[in-house]
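Number of protein chains: 2
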Amino acid sequence: MGHSQADKREGHDRIVRIAAKRFREDGLDRLSIADLMNEAGLTHGGFYKHFDSRNDLVLQALRVALHESSTPDAGRSRKAKGTVPTLQSVVKGYLSKSHRDSPGAGCAVGALISDIGRAGSDAKDLYTKRVQQNLDSVAALIGDPDDSADRAKAIVVLSALAGAIGLARAVSDDRLSNDILCTVRDFLTASFGDKSVSRF
Amino acid sequence: MGHSQADKREGHDRIVRIAAKRFREDGLDRLSIADLMNEAGLTHGGFYKHFDSRNDLVLQALRVALHESSTPDAGRSRKAKGTVPTLQSVVKGYLSKSHRDSPGAGCAVGALISDIGRAGSDAKDLYTKRVQQNLDSVAALIGDPDDSADRAKAIVVLSALAGAIGLARAVSDDRLSNDILCTVRDFLTASFGDKSVSRF
DNA sequence: TGTACATCAGTGAACGCGCGTTCACTGATGTAC
DNA sequence: TGTACATCAGTGAACGCGCGTTCACTGATGTAC
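In order, the protein sequences belong to chains Z and F.
Numbering (this note's numbering) for the first sequence: 1 to 200.
Numbering (this note's numbering) for the second sequence: 201 to 400.
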C-alpha cells in the first residue's frame with residue numbers, strides 16, 4: 001500500500017477499470033463504493049481522494065468502458081485482434097458466446113443500452129460519441145464511411161448487433177439464446193459481409 | 201379510500217400498472233415502495249397486504265408490462281390498433297418517435313433488455329416467454345411461423361427493433377436518434393415487409 | 001331489517017441496514033536546506 | 001548524504017438518509033343471527 005504519486009495513479013486506474021467492468025455487468029446503479037474499493041484492495045474512505053462523487057466515477061468508468069470496447073474490437077477473440085478486422089470478423093466476435101457471457105469485458109454500447117437511456121446528459125454524450133465512432137468504423141468496413149447508403153447499412157448492423165447481444169443475454173432459454181446469436185450473425189455477414197455483393 | 205374486496209382488487213391493479221410503467225421508464229431498481237404507493241394514492245405500509253416482497257411486485261409488474269406490450273401492438277398508434285397488423289404497421293409503430301419517447305407505455309422487451317440480463321431467473325423466464333411469442337407473431341406476419349427461414353427473419357427483425365429503439369433512446373443527438381429510427385424502419389420494411397419480395 | 005362481531009385494507013411509526021459522503025488521523029513520500 | 005518538515009494517499013469511525021420490511025392500530029366491510 002504505497003503512498004507515492006505513481007501508486008496513486010495505479011490505484012486510480014485500478015478502481016476505474018474495476019468499475020468499468022462492474023458497471024457493464026451490473027448496470028450503473030448496483031455497484032456500491034464500499035464494494036468497489038474493497039475489490040480494489042482499498043478502504044471506502046479513500047474514494048474521495050480520487051473522485052468528486054459517485055457520479056464522477058460513473059463518468060470516468062463509462063469513458064473507459066466505452067473506450068476499451070470500441071465495436072470493431074469488442075468481443076473479437078484475442079487471436080483476431082492482431083489481424084485486420086473485417087465486417088465478418090467483427091460480427092462473429094460480437095455475436096459470440098464468449099462475448100455474450102462476459103459483458104464486463106465486452107462492448108459497453110451493448111451492455112448499457114437501457115441504462116444510458118435513463119442516465120444523465122453527460123453519460124449520454126459520452127455514449128453518443130462512441131456510437132458515432134462505431135457507425136464510422138462499421139461503415140468503413142462495409143464500404144465508404146462518407147456514403148450515406150453505407151452509413152445506413154452501418155446503422156442497421158449496429159442496431160442488429162446491439163439488439164441481438166441484449167436479447168441473447170436476457171433470454172433464459174439456451175437454445176433460443178444461441179439461435180439469436182447465430183441467426184443474426186449469419187444474416188449480417190450474408191447481407192453486408194462482402195462489399196461487392198451487398199443486397200441492401 | 202374504500203375497504204371492500206372490489207376496492208382492494210382495484211388498488212392492487214392500480215399499483216401493478218403504475219409499477220409496470222415506472223419499471224419500463226426507470227429500470228427494475230430505482231422505484232421505491234414508498235414512491236410507488238404514494239403515486240397510487242396509498243401509504244407504504246399497505247404494500248405488504250398486496251405483495252409478499254418487492255421482488256413479488258417486480259414479477260407481477262413485469263408480467264403486466266410484458267403483456268400490455270406484446271410486440272405487434274407496442275408502439276402502434278391508437279388508430280392502427282383497431283386494424284389488422286402488418287409487418288409494416290408494426291415496425292412503423294415500434295420505431296416511431298412517440299414509442300421512443302414513451303417507454304413507460306411501450307414494449308417491455310425493448311425497454312428492459314439490459315435489466316433482464318441481470319435479473320433473477322423468474323424474471324428471465326417471463327421475459328423469454330414473451331420473446332418466443334413475439335417471434336411467433338412476427339414470423340406469422342412475415343410468412344409461415346413454422347418455417348425456419350421465416351423464424352430466422354423474425355429473429356433478425358426483433359433484434360433490429362430492440363437494438364434500434366434502445367439506441368434511439370440512449371443517444372443524446374436528436375438527429376442521430378431520428379436517423380436510427382427511420383433507417384432501421386425503412387430497412388426492415390424493404391427487406392421483410394412484403395411477403396412475396398423478401399430478399400433474405 | 002337490525003345488531004353484534006370477525007375480518008382485513010389501509011395507516012403511520014418504527015426497525016435494522018446499507019448507502020454516499022465527511023472527517024480527524026496516520027504514516028510514507030517527496031522536498032528544502 | 002542526512003535531517004526536518006509539508007504533503008497527501010489511505011484509514012476507519014461517524015454522519016444523515018432512504019430503503020425494504022414489520023407491527024400495533026383503525027375503522028369500514030361483510031357476515032351470522
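Glycine residues also receive a C-beta, built at the ideal position from the N, C-alpha and C atoms.
As the structure is a prediction and not an experimental result, all values here were calculated from the model.
**Request:** Excluding the 5 residues preceding and the 5 following His-44/Z in the sequence, name in chain order all residues of the same chain whose CB lies nearer than 7 Å to its CB.
**Result:** Ile-33, Ala-34 and Met-37
**Asked** So is Gly-104/Z in contact with chain F if we call contact Cβ pairs under 9 Å?
**Response** no
**Item:** DSSP-derived helix/strand/coil call for Gly-320/F
**Value:** Here DSSP, grouped into helix, strand and coil, assigns Gly-320/F to coil.
**Prompt:** Taking 9 Å as the CB-CB limit, is Asn-94/Z close to chain F?
**Reply:** First, the amino acid is wrong: residue 94/Z is Tyr here, not Asn. For Tyr-94/Z, the answer is no, since every Cβ of chain F falls outside 9 Å of its Cβ.
**Message:** Rounded to whole angstroms, what is the Cα-Cα separation between Cys-300/F and Ile-365/F?
**Reply:** First, the residue type needs correcting, since residue 300/F is Arg and not Cys in the sequence shown. When rounded, the distance between both Cα atoms is 6 Å.
**Request:** List the residues of chain Z whose Cβ lies closer than 9 Å to the Cβ of Asp-315/F, in chain order.
**Result:** Gly-27, Ser-114, Asp-115 and Ala-170
**Prompt:** Quick one: Cα of Ser-121/Z to Cα of Ser-372/F, how far?
**Reply:** 7 Å
**Request:** Please report the residue range of the alpha helix (DSSP H) in which Gly-310/F lies.
**Result:** Following the DSSP letters along the chain, one finds Gly-310/F inside the alpha helix (DSSP H) bounded by residues 308–311.
**chain F within 9 Å of Phe-187/Z, Cβ atoms only** = yes
**Asked** Name the chain Z residues that come within less than 7 Å of Leu-262/F, Cβ to Cβ?
**Response** Residues of chain Z passing the Cβ test: none, with the nearest at roughly 12 Å.
**Asked** On the premise that Glu-225/F lies in contact with Gly-275/F, defined as a C-beta separation below 8 Å, what is that separation, rounded to the nearest angstrom?
**Response** The pair is not a contact, with the Cβ atoms about 15 Å apart (cut-off 8 Å).
**Residues within the stretch 121–137 of chain Z neighbouring chain F, beta-carbon criterion of under 8 Å** = Taking 8 Å as the cut-off between beta carbons, the residues of the stretch 121–137 of chain Z near chain F are Ser-121, Lys-124, Asp-125, Tyr-127, Thr-128, Val-131 and Gln-132, in sequence order.
**Asked** Of all the options Ser-314/F, Thr-328/F and Gly-227/F, which has the alpha carbon lying nearest to the alpha carbon of Arg-175/Z?
**Response** Thr-328/F
**Request:** Measure the CB-CB distance between Arg-229/F and Gly-27/Z and report whether it falls below 9 Å.
**Result:** The sequence given here places Asp at residue 229/F; Arg does not occur at that position. Yes, the pair counts as a contact, with Cβ atoms nearer than the cut-off.
**Request:** Pair every Cβ in the stretch 177–190 of chain Z with every Cβ in the stretch 78–96 of chain Z, then say whether three or more of these pairs are closer than 8 Å.
**Result:** yes
**Asked** Does the Cβ of Ala-149/Z have 16 or more other Cβ atoms within 10 Å, making it buried, or fewer, making it exposed?
**Response** Burial is judged here by how many other beta carbons sit within 10 angstroms of a residue's own beta carbon; Ala-149/Z has fewer than 16 and is exposed.
**Asked** Of all the options Ala-119/Z, Ser-102/Z and Ala-123/Z, which has the alpha carbon lying nearest to the alpha carbon of Arg-63/Z?
**Response** Selected option, being the one with the closest Cα: Ala-123/Z.
**Message:** Looking at chain Z, is there any beta carbon in it that lies within less than 9 Å of the beta carbon of Val-384/F?
**Reply:** yes
**Prompt:** Alpha carbon to alpha carbon, what distance is there between Phe-192/Z and Gly-7/Z?
**Reply:** Checking the displayed sequence, the identity of residue 7/Z turns out to be Asp instead of Gly. One C-alpha to the other measures close to 47 Å.
**Asked** Run through DSSP, which three-state label would Ser-191/Z get?
**Response** helix
**Prompt:** With a cut-off of 9 Å, does the C-beta of Asp-147/Z fall near any C-beta of chain F?
**Reply:** no
**Asked** Since Ser-292/F is in the alpha helix (DSSP H), which residue starts that stretch and which ends it?
**Response** The question names Ser, but residue 292/F in the sequence shown is Lys. Lys-292/F -> alpha helix (DSSP H) spans 287–294.
**Asked** So with Cβ pairs under 9 Å, would you call Leu-158/Z a contact of chain F?
**Response** Yes, contact with chain F.
**Asked** Looking at the structure shown, is His-3/Z part of a helix, part of a strand, or coil, going by DSSP?
**Response** coil
**Request:** Could you give the DSSP three-state label for His-50/Z: helix, strand or coil?
**Result:** coil
**Item:** Backbone secondary structure at Ala-240/F - three-state DSSP
**Value:** coil
**Message:** Let's see if you can read the secondary structure: which residues bound the alpha helix (DSSP H) around Asp-301/F?
**Reply:** According to the DSSP assignment, Asp-301/F belongs to the alpha helix (DSSP H) that extends over 297–301.
**Prompt:** Nearest chain F C-beta to Leu-161/Z closer than 9 Å, yes or no?
**Reply:** yes
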